[in-house]
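Have a look at the structure below, then the notes.
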Amino acid sequence: MEFGIAVATAADSWKVVQRAEELGFTSAWFYDTQMLCADCFVAMGAAAVQTSRIRLGTGVLIPTNRIAPVAANAFATLNRLAPGRIDFGVGTGFTGRRTMGLGAMKQGDMEEYIRVVMALLEGETPEFEIEGQRRKITFLNPELKLINLRDEVRLHVSAYGPRGRSLTARLGAGWLNFVGDVETGVAAMQAMRESWDRGGNDIVDLTAVAFALGCVLQPGEAADGERAMAQAGPRAAVLLHRAADEALSGLPNTSAVPEALAEAVAGYVELAKRFEPPDARYLANHRGHLMTVKDIERPFVTAEMIRRTTFTGTQDDLVERIGALGEAGYTQFTVQLVPGQEAAIEDWARIKAAFG
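In structure tokens form, the structure reads like this:
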């Protein structure tokens, strides 16, 4: 099983990516959440010239936020700096759209976007719709070697439902999945394997990346202690954000709320109903999303919530839980490092080492 890192993109994310490469991590995924993070392509460019082996990917790009030829150009440019090390991770959107008060885009539109981007990267001349018109487009000067269309840019799709998994299988793409607990992660992996098989694919060709947040605890360290709250708490808080989105805007909530956490979630939702400004409460709701636990959220992010939604535990516990994901079919475990907690990569390197 391979190990990767994910970052809430900063202009200087290359520093932690460089360290990840030194420690043997195989991938670095950069969040493309424009209202929260730095620009992923700028940061990936810097990482490309500071590393030589680690793969660099968008985790994930949302098509509505970048037109297809611009995205293709960015990938081809990165591929010139880091030949054969670039991954195109794409999804219908959660954080990058919720920060603008929007739900997910239509999957059919994402599929069309993927078609255009991948065709361009393969040197083809696809038709592309812009401003209501269909136009043929292509890279006009690839022979000048300003970009790289020779080496493959791998496609990976973030998919949580049956239609998304079916699309992943039909495209023969890698699969990206955010995992909070082993049971749910294993069930999702089984569903993906079934979709992959129905698509007529060989199971050995399926790459499956489990994204997670968590904290490697010392013996006796609390799951809601200072380190765990900083490193894992932001993932637990997503449970609050999703519930508030549903209550305030009617946006779908795909995160079931366990009975043990219902009181804390309900308390946060009541607080969120008073966020300002009244016509854009989503701004306060998603500030710090997957990056920090805001002071107003702290009373609602409990040790139980962290345990249920993140990979937080002792080294032995985490090795067992991650090993179960590997046995289920995941080929990579990727841990997100939150801003200011980049040193946690050393803890996760020890987890990685346990897998040889």
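In the working numbering, the protein residues as written are 227 to 582. No residue lacks a Cβ here, since even glycine has one placed at the ideal position from N, Cα and C. Since the structure is predicted, the reported quantities are computational estimates derived from the model, not experimental observations.
Any idea which residues DSSP pairs SER384 with across the strands? Residue pairing by DSSP places SER384 opposite LEU402 in a beta bridge.
Under the rule that 16 or more other beta-carbon atoms within 10 Å means buried, what is ALA237, buried or exposed? Burial call: exposed.
At a Cβ threshold of 9 Å, is ILE548 touching chain C? The structure shown contains no chain C, having only a single protein chain.
So within the region 423 to 486, which uninterrupted beta strand (DSSP E) runs reach at least 3 residues, ignoring any that extend past its ends? Along the length of the region 423 to 486, whole beta strand (DSSP E) runs at least 3 residues long occupy 434 to 438 and 440 to 443, reported in chain order.
Along the chain, where does the alpha helix (DSSP H) containing ALA510 start, and where does it finish? Looking at the DSSP string, the run of the alpha helix (DSSP H) that includes ALA510 is 507 to 512.
Identity of the residues DSSP links to ILE254 by a beta bridge: It should be noted that the sequence gives Ala, not Ile, for residue 254. Bridge partners of ALA254: ILE231 and LEU282.
Which same chain residues end up closer than 7 Å to VAL286 when comparing Cβ atoms and leaving out the 5 residues on each side of it in sequence? Listed in chain order, the non-local C-beta contacts of VAL286 below 7 Å within the same chain comprise ASP258, GLY315, VAL316, GLY317, SER384 and LEU402, local neighbours out to five positions each way being set aside.
Count the CB pairs spanning the region 246 to 254 and the region 271 to 291 that are closer than 8 Å, and state whether there are at least three. Yes, the region 246 to 254 is in contact with the region 271 to 291.
Do you know how far the Cα of GLN444 is from the Cα of ALA579? Looking at the two C-alpha atoms, the distance is approximately 17 Å.
Among the candidates PHE581, ASP471, VAL464 and GLY451, whose CA atom is the shortest distance from the CA of ALA438? Nearest option by C-alpha distance: VAL464.
What residue from ARG376, PRO388 and THR540 has the CA that sits closest to PRO368's CA? With distances taken between Cα atoms, PRO368 lies closest to ARG376.
Between PHE320 and ASN479, what straight-line distance do the alpha-carbon atoms span, to the nearest angstrom? If you draw a straight line from the Cα of PHE320 to the Cα of ASN479, it is about 11 Å long.
Report the rounded CA-to-CA distance for LEU328 versus THR518, giving the unit in angstroms. Near 22 Å, if we compare the C-alpha coordinates of THR518 and LEU328.
Are there 16 or more other CB atoms within 10 angstroms of the CB of LEU372, so buried, or fewer, so exposed? Counting Cβ neighbours within 10 Å, LEU372 comes out exposed, since fewer than 16 surround it.
Per DSSP, GLU355 forms a beta bridge with which residues? Paired residue(s): ARG360.
Just to check, is the beta-carbon of THR433 closer than 8 Å to a non-hydrogen atom of the ligand FAD? This structure simply doesn't include the ligand FAD, nor any ligand for that matter.
Checking 9 Å against the spacing of the C-beta atoms, do THR364 and VAL442 come in under that value? Their beta carbons are not under 9 Å apart, which means THR364 does not touch VAL442 by this criterion.
Minimum C-alpha distance to ARG391 - residue among LEU551, THR235, THR433 and GLU409: The option with the nearest alpha carbon to ARG391 is THR433.
Would THR351 be called buried (16 or more neighbouring beta carbons within 10 Å of its own) or exposed? That one is exposed.
Contiguous alpha helix (DSSP H) assignments of at least 4 residues, all confined to the region 295 to 338: Counting only runs of 4 or more residues that sit fully inside the region 295 to 338, the alpha helix (DSSP H) segments are 321 to 324, in chain order.
What does DSSP give as the partner residues of GLN558 in its beta bridges? According to DSSP, which records beta bridges pairwise, GLN558 is partnered with GLU228 and VAL435.
Which whole-angstrom value is the C-beta distance of THR557 and GLU247, which I expect to be below 8 Å? That pair is no contact at about 19 Å.
Whole-angstrom distance between GLY322 and GLN260, CA atom to CA atom: Going by the C-alpha atoms only, they are around 6 Å apart.
Three-state secondary structure assigned by DSSP to GLY566: Three-state result, GLY566: coil.
Unbroken alpha helix (DSSP H) run spanning THR535, endpoints: 529 to 535 is the extent of the alpha helix (DSSP H) around THR535.
Pick out whichever of GLY440, THR560 and MET326 has its Cα sitting closest to the Cα of THR172. Since the first and last residues shown for the chain are 227 and 582, residue 172 lies out of range.
Any chance the region 302 to 315 sits against the region 259 to 275, with 3 or more Cβ pairs inside 8 Å? Yes, since at least three Cβ pairs between the region 302 to 315 and the region 259 to 275 fall closer than 8 Å, the two stretches touch.
Around the C-beta of PRO484, are 16 or more other C-beta atoms found within 10 angstroms, so that it is buried, or is it exposed? So PRO484 ends up on the exposed side.
Contact defined as beta carbons within less than 8 Å: I believe THR560 pairs with ILE231. What is the distance between those atoms, to the nearest angstrom? By a beta-carbon distance limit of 8 Å, THR560 contacts ILE231. Their separation comes to about 6 Å.
Which residues mark the beginning and the end of the alpha helix (DSSP H) in which LEU516 is found? Note, LEU516: premise wrong, no alpha helix (DSSP H); not H, not E.
How far does the alpha helix (DSSP H) with MET261 in it reach, from first residue to last? Run containing MET261: none; DSSP gives neither H nor E here.
Pairs of beta-carbons, one from the region 450 to 469 and one from the region 514 to 532, closer than 8 Å: are there three or more? Three or more Cβ pairs drawn from the region 450 to 469 and the region 514 to 532 lie within less than 8 Å of each other, which places the two stretches in contact.
Quick check on this structure: which residue in ARG533, THR394 and LEU370 has the alpha carbon closest to the alpha carbon of GLY451? Closest option to GLY451, Cα to Cα, is ARG533.
Can you tell which of LEU366, GLY566 and SER481 has its C-alpha closest to the C-alpha of PRO295? When the alpha-carbon of PRO295 is set against those of LEU366, GLY566 and SER481, the nearest one is in LEU366.
GLN562: which of GLN457, GLU472, ALA506 and ARG361 sits nearest, CA to CA? GLN457 is the residue among GLN457, GLU472, ALA506 and ARG361 whose C-alpha sits nearest the C-alpha of GLN562.
Distance, Cα to Cα, ALA297 vs ALA417? ALA297 and ALA417: Cα-Cα distance of roughly 30 Å.
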